[in-house]
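Structure first, commentary second.
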Amino acid sequence: MQKFFDYNFKGEPFQIFSTYHLYGLLAVLFFAIFLIMALKKLNSAKTNEFVRYFLAAALLLQEVSLNLWRIWYGKWEVSTSLPLHLCGLGIILSSIMLVKKDYKLYEFLYFWGTAGATQALLQPDISNFGFPHYRFFQFFVSHGLLFASIIFATFVFNFRPKFKSIYKAFVITNIFAFFIGLFNFAVGSNYMFIAHKPDTPSILDFMGPWPLYILPLEFIALFLFTLVYIPFLVHDLVIKSASIETEN
Numbered sequence: 058m059q060k061f062f063d064y065n066f067k068g069e070p071f072q073i074f075s076t077y078h079l080y081g082l083l084a085v086l087f088f089a090i091f092l093i094m095a096l097k098k099l100n101s102a103k104t105n106e107f108v109r110y111f112l113a114a115a116l117l118l119q120e121v122s123l124n125l126w127r128i129w130y131g132k133w134e135v136s137t138s139l140p141l142h143l144c145g146l147g148i149i150l151s152s153i154m155l156v157k158k159d160y161k162l163y164e165f166l167y168f169w170g171t172a173g174a175t176q177a178l179l180q181p182d183i184s185n186f187g188f189p190h191y192r193f194f195q196f197f198v199s200h201g202l203l204f205a206s207i208i209f210a211t212f213v214f215n216f217r218p219k220f221k222s223i224y225k226a227f228v229i230t231n232i233f234a235f236f237i238g239l240f241n242f243a244v245g246s247n248y249m250f251i252a253h254k255p256d257t258p259s260i261l262d263f264m265g266p267w268p269l270y271i272l273p274l275e276f277i278a279l280f281l282f283t284l285v286y287i288p289f290l291v292h293d294l295v296i297k298s299a300s301i302e303t304e305n
C-alpha cells in the first residue's frame with residue numbers, strides 16, 4: 058500500500074500513449090458511455106438525482122484526496138497545488154453546476170470538460186507517476202469525472218451549448234487566464250502553463266518559446282471549442298432538414 062502512495066515512486070514512469078495510458082483513456086470513455094446508457098435504460102428520477110450528487114461529491118472528494126496526499130508528503134505548495142489549471146477549476150465549478158443545475162456554468166464548462174479534459178487526458182502532466190501509482194489513478198478519475206459530469210448534464214438536464222457559447226467560453230477562458238497569469242507572476246507558479254511549458258511532452262513543444270506559444274494556443278483553443286460544438290450543429294441541421302421535408 059505504501060508503494061501505491063509513495064511520493065518517490067520506484068515503478069515505471071508514465072509514458073504518453075503507453076499501454077496503461079491507452080487503458081486509462083478507454084476506461085474514461087467506457088465509463089461515460091456506460092453511465093448514459095444505464096441512466097437512459099433505468100429512466101428513473103431518483104437514480105438521476107443520486108448520480109447527480111454522487112458525481113458532485115466524487116469531484117470534490119478526489120480533489121481533497123490529492124491535497125491530503127501532497128500534505129502528507131510535505132509537497133503541498135501554493136505555486137503547484139491549488140486547483141487553478143483549467144481542469145482543476147472545471148472540477149470545482151462542475152460540482153457546483155451539478156448541485157445547482159446551473160446552465161450559466163454549464164455553458165462554458167461544456168467546452169472545458171470536453172475539449173479541455175480531452176487534451177489533458179491525451180497529454181497527462183503527472184511527472185513520473187506511472188501505473189499503478191495513486192497519482193496515475195487520481196488523474197484519470199478526476200478528468201473522467203469532469204467529462205462524465207458534462208455528459209450527465211447534457212443528457213439528463215437536457216442542457217446544450219448554443220453557437221454563441223463558443224465565444225462566451227473563449228472569452229471566459231481568457232479572463233480566467235489573465236487573472237491566473239497575474240497570480241503566476243505574483244507567486245512564481247505556472248497554472249494553465251502560461252508562465253512556461255509543462256515539463257512533460259506536450260503539443261506546446263511545437264509552438265515555439267515563451268511567450269510566443271500562447272498565441273497559437275489561443276487559436277487551437279478556439280478551434281477545439283468549435284470542434285466539440287459540431288455534434289449540436291449537425292443535430293440542428295438534421296432537425297431543420299426533417300422539418301422542411303415534413304412541410305413539403
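Numbers given in this note's numbering equal positions in the sequence shown, counted from 1, plus 57.
Built from N, CA and C at the ideal position, the CB exists for glycine as well.
query	result
Cβ pair Leu284, Ala172 closer than 8 Å	yes
Proximal residues to Gly245 (C-beta, below 7 Å), its chain only, five neighbours per side dropped	Ser136
Exposed unless 16 or more other CB atoms sit within 10 angstroms - verdict on Thr211	buried
Straight-line Cα distance separating Phe87 from Val213	18 Å
Environment of Asn231 [buried if 16+ CB atoms lie within 10 Å]	exposed
Host alpha helix (DSSP H) of Asn215 (start-end)	That residue, Asn215, is in no alpha helix (DSSP H); it is neither H nor E in DSSP.
Contact the segment 255-275 vs the segment 154-161: 3+ CB pairs below 8 Å	no
Cut-off 7 Å between Cβ atoms - residues of its own chain near His190, not counting five sequence neighbours on either side	Phe61, Phe66 and Gly68
Neighbourhood of Phe276 by C-beta distance below 6 Å, restricted to the same chain and skipping five residues each side	none
Three-state class that DSSP yields for Thr257 in the structure shown	coil
Residues of its chain near Ala115, where Cβ-Cβ distance is below 7 Å and the 5 sequence neighbours each way are ignored	Leu202
Extent of the continuous alpha helix (DSSP H) to which Glu120 belongs	Ala102 to Trp129
Three-state class that DSSP yields for Lys97 in the structure shown	helix
C-alpha distance - Ser75 paired with Gly187, whole-angstrom precision	10 Å
Whether Gly170 touches Ile223 by CB criterion (8 Å)	no
Residues of its chain near Gly238, where Cβ-Cβ distance is below 6 Å and the 5 sequence neighbours each way are ignored	Ile251
Gly81, buried or exposed, once every other Cβ within 10 Å from all chains shown has been counted against 16	buried
Anticipated Cβ contact below 8 Å, Gln317 with Ile73, distance rounded	This structure cannot speak to residue 317, because the chain is shown only from 58 to 305.
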